[in-house]
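J.: Numbering of the sequence shown is given in our numbering, commencing with residue 408 and proceeding in unit increments. Just so you know, even glycine gets a beta-carbon here, dropped at the ideal spot from N, CA and C.
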Amino acid sequence: VEKGKELGHGDSAVIKTAFEEGLLKASRLSEEHKELSKKLQQAHPQLNTGETDTIALAIQNKTLTALIDGHAARVAAKLIGVKCTGSIGVLALVFSKGIISEPEAKSIFNTILKENFRISSAIALEFYDFIEKLKKRRK
């Protein structure tokens, strides 16, 4: 998160907020799962260590959902039964919990888009639709 913030990544703020609110947690890999991460990287050389470590952590901690943005990593994770969400999913979560406001959520989303964050137009529309539906339910 701190490295992302230093590099000016817009999603680092929402990820940091989610950590502070206890919606996300960090942990260390066991030796056994470090080996799993290495095997995943050998099987999927297009994935980086952070991605394979995240998948291995999800398995180690029996986590319901892993935070992964990269498409190839999401595919690999799903193949072995790990559910994934990305930065946009976390942004939707912190908004739905009332941790950030609608203008903040939209501002962060727009910042992420300006950084050439690769998301489909369908995901972008889904995010804005989610914001609008939730806003109507709150009225």
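The beta strand (DSSP E) spanning Lys490 covers which residue range?
T.: Per DSSP, Lys490 belongs to the beta strand (DSSP E) from 490 to 492.
J.: Locate the beta strand (DSSP E) running through Thr472, then write down its first and last residues.
T.: 472 to 474 is the extent of the beta strand (DSSP E) around Thr472.
J.: For Leu498, which residues from the same chain have a beta carbon less than 7 Å from its beta carbon, with the 5 sequence-adjacent residues on both sides left out?
T.: If we look at Leu498 and ignore the five residues flanking it on each side, its Cβ neighbours are Val421, Ala512, Ile515, Phe516.
J.: Counting Cβ pairs closer than 8 Å, one from the region 535 to 542 and one from the region 457 to 475, do we hit at least three?
T.: Segments in contact, no.
J.: Assuming Lys504 is part of the alpha helix (DSSP H), what are its boundary residues?
T.: Per DSSP, Lys504 belongs to no alpha helix (DSSP H) and is neither H nor E.
J.: Apply the 10 Å Cβ neighbour rule to Arg435 and answer buried if 16 or more other Cβ atoms are within range, or exposed otherwise.
T.: The residue is exposed, with fewer than 16 neighbouring Cβ atoms inside 10 Å.
J.: With a threshold of 16 other CB atoms inside 10 Å of the CB of Leu532, please say whether the residue is buried or exposed.
T.: Exposed, because fewer than 16 other Cβ atoms sit within 10 Å of the Cβ of Leu532.
J.: When DSSP labels each residue in this structure, what does Glu428 get in the three-state scheme?
T.: Looking at Glu428 - three-state DSSP - the assignment turns out to be coil, as it is neither helix nor strand.
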